[in-house]
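A.B. asks: Can you keep this structure in mind? I'll have questions shortly.
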Ligand code: ADP
């Protein structure tokens, strides 16, 4: 076995590989770009080397620099993860030339599967079922169109060199074919430097089912069952699970055999995935083979109890596969979701920024989190904005679904937009629960999946109000402790008690919605809308309180103007509407300015008789431990102040005699 491995990747997969190496006592060498100097994979690895600037082309794709690090560090093998150089035959060759083991299949297998067209030709020979289509060399538009006409519409034009859902066009009618072809070729040549395409029958409501295969250098090839990755958005996987819903033992054996045949046909060694598209009748067809570890490999690990990275390392070191086909376990059900920094409501635009707060659900035997970031880290614009993969396991699909929903409801992120609520709606969707997901579900149900629950939750508003009040009191206590005036009534932090019971209205908004409540500061503590509240914890973002029989727990994170409240599995971002900020606007321009809440006058900012412009600050009052400024409601004259600095004033008391200009 190896004693030192270089990981030519970043993010969650780099961290994932490091975890296995650590368990096996193998030293790890990380490479990183300048943008990733402080990232989690660098922190976890035993050694780390910078290989260039942020842009992948200049760092994670620089085979030469990465191999130089392998030489310097004495790593015996390179794990490429997924993406980047993982399916790059040039890199695999360069590793061999440098005397470093490439943890992946032989170069010849990468090459054979590198082109979807060539792979299909090969699979056809090996007797693996293919989607009806054309995958030959001829590329003249008229010829391709005649092939599409022969296959029958709708057809799918696919870039032969494609990947990641790019370079695909669905064509519904013959007359649209040539325009779609041209656009597909443009995208293919821009993305993959190769404009060749193939044409397939476009299956309606298909499922994406893939088989995990493994080969060793002794010539054995086995499979570790299937994964269903039908929940896709724009041909990209969003949720993956194993086993596939509705899979029968017979069909699994048939697909498994086809996948192993495909792998054997290219002399496969290591971890690979054979992707099939399955139609509702149960027929399945080869799509492509990915010659690397997949993003969604954890669901296979959960149902088999195996560590696929360990298998990769053993096979790369020349050891035989740890299990024979009939020994591969299949236990329970596992689901994975990809938690992304993106804004589903804004067309899934990536969301860049700092993870101000990042609290995934607790890991356990049933819940696994694979991530490359922690609270405080940045989601950078340079790479895929994945935050984490959340994986759950349970005895059956129904329970695994419930577990996933529970885990998602506990996943808290503040600082970047994220798809957690979207994923919850997707996993909770009737079709997902029924196990009848096809690849078009997200597109069809987009509206429902994107619509946030209506209404501002009362519990979130209540928590935000209590949090605001307790934090004000805390700040006050700190101020009093630091102050010399130990007897100042402002230092009394056990409630507001200048008068007996003082009320205060608090309003919060979230988007277009607004909700108000009234908070009373009584001798016994706080009440909300007349109901006494007993707060047991209000620190470090955690709020626990009881009101009557209700016991509530919430997490509250302040960021900028907003309070992010996590309560009852919901995340609500609330803005406290300052009743004083707009107070002036609500006053009659002519006449007086009244105190909108009880407080103390801190300062008068202009002389009586002063002519002022609209919006000019007139006086500052302190209320609920915060300073607020009252401003001129219009251009006019301050005739007189009706309260002096230092004076306590009651709610509604006239403070300024103001005369608006004509
Ligand atoms: P990529 O390599 O870009 O991931 P794939 O060939 O794996 O491309 O296809 C990605 C997805 O596109 C599939 O999971 C499936 O949802 C859809 N797809 C591919 N081929 C077909 C087809 N013939 N009919 C319908 N959908 C297809």
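Numbering (the UniProt record's numbering), first residue to last: 1 to 662. Ideal Cβ placement from N, Cα and C applies to all residues, glycine included.
When we look at the beta-carbon of residue 449 and count the other beta-carbons within 10 Å, is it buried (16 or more) or exposed?
C.D. replies: The sequence position of residue 449 within the chain shown is 449, counting from 1. Looking at its Cβ environment, which holds 16 or more other Cβ atoms inside 10 Å, residue 449 is buried.
A.B. asks: Put residue 482 into one of helix, strand or coil per three-state DSSP.
C.D. replies: Here residue 482 is taken as the residue at index 482 of the chain shown, counted from 1. Helix at residue 482.
A.B. asks: I need the straight-line Cα distance from residue 303 to residue 146, nearest angstrom please.
C.D. replies: The sequence position of residue 303 within the chain shown is 303, counting from 1. The sequence position of residue 146 within the chain shown is 146, counting from 1. Rounded to the nearest angstrom, the two C-alpha atoms are 46 Å apart.
A.B. asks: Measure from the C-beta of residue 555 to each C-beta in chain C and report whether the shortest distance is under 8 Å.
C.D. replies: No chain C is present in this structure, which holds just one protein chain.
A.B. asks: In or out: residue 364 buried (at least 16 other Cβ within 10 Å) or exposed?
C.D. replies: Residue 364 sits at position 364 when you count from the first residue of the chain shown. It is exposed - the Cβ of residue 364 has fewer than 16 other Cβ atoms within 10 Å.
A.B. asks: When DSSP labels each residue in this structure, what does residue 506 get in the three-state scheme?
C.D. replies: Sequence index remark: in the chain shown, residue 506 carries index 506 (1-based). It is a strand residue.
A.B. asks: Taking contact to mean at least 3 C-beta pairs separated by less than 8 Å, is the segment 430 to 444 in contact with the segment 202 to 214?
C.D. replies: With the cut-off at 8 Å, the segment 430 to 444 and the segment 202 to 214 touch.
A.B. asks: Looking at the secondary structure, which residues open and close the beta strand (DSSP E) in which residue 86 lies?
C.D. replies: To locate residue 86, count along the chain shown from 1; it is residue 86. Taken as a continuous stretch (DSSP letters only), residue 86 belongs to no beta strand (DSSP E), as it is neither H nor E.
A.B. asks: Name the one or two DSSP bridge partners that residue 357 has.
C.D. replies: Position 357 of the chain shown, counted from the start, is the residue given in the question as residue 357. Beta-bridge pairing links residue 357 to 414.
A.B. asks: Tell me where the alpha helix (DSSP H) around residue 280 begins and ends.
C.D. replies: On the chain shown, position 280 is the one that residue 280 refers to. First-last for residue 280: undefined, no H or E at that position.
A.B. asks: How far does the beta strand (DSSP E) with residue 225 in it extend, from its first residue to its last?
C.D. replies: Numbered from 1 along the chain shown, position 225 holds the residue referred to as residue 225. Its beta strand (DSSP E) spans residues 221 to 233.
A.B. asks: Would a C-beta distance cut-off of 8 Å place residue 107 and residue 92 closer than the cut-off?
C.D. replies: Here the question's residue 107 lines up with position 107 in the chain shown. Here the question's residue 92 lines up with position 92 in the chain shown. Cβ distance < 8 Å, so residue 107 and residue 92 count as in contact.
A.B. asks: Assuming contact is defined by CB atoms lying nearer than 8 Å, are residue 465 and residue 528 in contact in what I supplied?
C.D. replies: In the chain shown, counting from the first residue as 1, residue 465 sits at position 465. In the chain shown, counting from the first residue as 1, residue 528 sits at position 528. A contact, by the Cβ cut-off of 8 Å.
A.B. asks: Drop a sphere of 10 angstroms on the beta-carbon of residue 57, count the other beta-carbons inside from all chains shown, and report buried for 16 or more, exposed for fewer.
C.D. replies: In the chain shown, the residue the question calls residue 57 occupies position 57. Residue 57 should be labelled exposed.
A.B. asks: Would residue 158 and residue 73 qualify as a contact pair, given that the criterion is a beta-carbon distance under 8 Å?
C.D. replies: The sequence position of residue 158 within the chain shown is 158, counting from 1. The sequence position of residue 73 within the chain shown is 73, counting from 1. No, the pair does not count as a contact, with Cβ atoms beyond the cut-off.
A.B. asks: Look at the alpha carbon of residue 642 and the alpha carbon of residue 358, and state the distance between them as a whole number of angstroms.
C.D. replies: Position 642 of the chain shown holds residue 642. Position 358 of the chain shown holds residue 358. So the alpha carbons of these two residues sit roughly 50 Å apart.
A.B. asks: Rounded to whole angstroms, what is the Cα-Cα separation between residue 723 and residue 113?
C.D. replies: Since the first and last residues shown for the chain are 1 and 662, residue 723 lies out of range.
A.B. asks: Straight-line CA distance for residue 424 to residue 353?
C.D. replies: Looking up residue 424 in the chain shown gives position 424. Looking up residue 353 in the chain shown gives position 353. Between residue 424 and residue 353, the C-alpha separation is close to 23 Å.
A.B. asks: Which of helix, strand or coil does DSSP assign to residue 362?
C.D. replies: On the chain shown, residue 362 is found 362 positions in, with the first residue counted as 1. Residue 362 falls in the coil class under three-state DSSP.
A.B. asks: Beta-carbon within less than 7 Å of residue 70's beta-carbon, same chain only, minus the 5 sequence neighbours each way: which residues are those?
C.D. replies: Here residue 70 corresponds to residue number 70 of the chain shown, with the count starting at 1. Only 6, 78, 98 and 100 meet the Cβ criterion.
A.B. asks: Rounded to a whole number of angstroms, what is the C-alpha to C-alpha distance between residue 639 and residue 605?
C.D. replies: Within the chain shown, numbered from 1, the residue matching residue 639 stands at position 639. Within the chain shown, numbered from 1, the residue matching residue 605 stands at position 605. In a straight line, the C-alpha of residue 639 is about 13 Å away from that of residue 605.
A.B. asks: Say the cut is 7 Å; is the CB of residue 69 nearer than that to a heavy atom of the ligand ADP?
C.D. replies: Here the question's residue 69 lines up with position 69 in the chain shown. No, Cβ of residue 69 sits at least 7 Å from all heavy atoms of the ligand ADP.
A.B. asks: Does the beta carbon of residue 187 fall short of 7 Å from some heavy atom of the ligand ADP?
C.D. replies: If you number the chain shown from 1, residue 187 lands on position 187. Every heavy atom of the ligand ADP is 7 Å or more from the Cβ of residue 187, so no.
A.B. asks: Along the beta strand (DSSP E) that carries residue 604, what are the first and last residues, could you check?
C.D. replies: By 1-based counting over the chain shown, the position of residue 604 is 604. That run of the beta strand (DSSP E) goes 599 to 604.
A.B. asks: Starting from residue 551, follow its DSSP beta bridges and name the residues at the other end.
C.D. replies: The residue given as residue 551 occupies position 551 in the chain shown. BP columns for residue 551 point to 546.
A.B. asks: Taking 8 Å as the limit between beta carbons, can you name the residues of its chain near residue 299, skipping five residues before and five after?
C.D. replies: On the chain shown, position 299 is the one that residue 299 refers to. Result list for residue 299: 227, 240, 241, 242, 334, 335, 336 and 391, in chain order.
A.B. asks: Provide the residue span of the alpha helix (DSSP H) that contains residue 79, from first to last.
C.D. replies: Mapped onto the chain shown, residue 79 falls at position 79. It is not in any alpha helix (DSSP H) - residue 79 instead sits in the beta strand (DSSP E) that spans 77 to 79.
A.B. asks: What did DSSP end up calling residue 133 once you bin it into helix, strand or coil?
C.D. replies: Stepping through the chain shown from its first residue, residue 133 is reached at position 133. Strand.
A.B. asks: I'd like to know if the segment 270 to 279 and the segment 307 to 322 are in contact, where contact means that at least 3 CB-CB pairs between them fall below 8 Å.
C.D. replies: Yes: at least three Cβ pairs fall under 8 Å.
A.B. asks: How far does the alpha helix (DSSP H) with residue 426 in it reach, from first residue to last?
C.D. replies: Residue numbering aside, residue 426 sits at position 426 when the chain shown is read from its first letter. Residue 426 -> alpha helix (DSSP H) spans 420 to 428.
A.B. asks: Would you identify the three-state DSSP class for residue 684, choosing helix, strand or coil?
C.D. replies: The displayed coordinates of the chain run from 1 to 662. Any statement about residue 684 would go beyond what the structure contains.
A.B. asks: Between which residues of its own chain and residue 557 is the CB-CB distance below 6 Å, once the five residues before and five after are set aside?
C.D. replies: Within the chain shown, residue 557 is the residue found at index 557, counting from 1. 357, 414, 541 and 564, listed in sequence order.
A.B. asks: Go through its chain and collect everything with a Cβ distance to residue 130's Cβ below 8 Å, but skip five positions before and after it.
C.D. replies: Within the chain shown, numbered from 1, the residue matching residue 130 stands at position 130. Taken in chain order, the residues that qualify are 120, 123, 124, 285 and 286.
A.B. asks: Per the DSSP calculation, residue 371 is bridged to which residue(s)?
C.D. replies: Taking the chain shown and counting its residues from 1, the one referred to as residue 371 is at position 371. Bridge partners of residue 371: 388.
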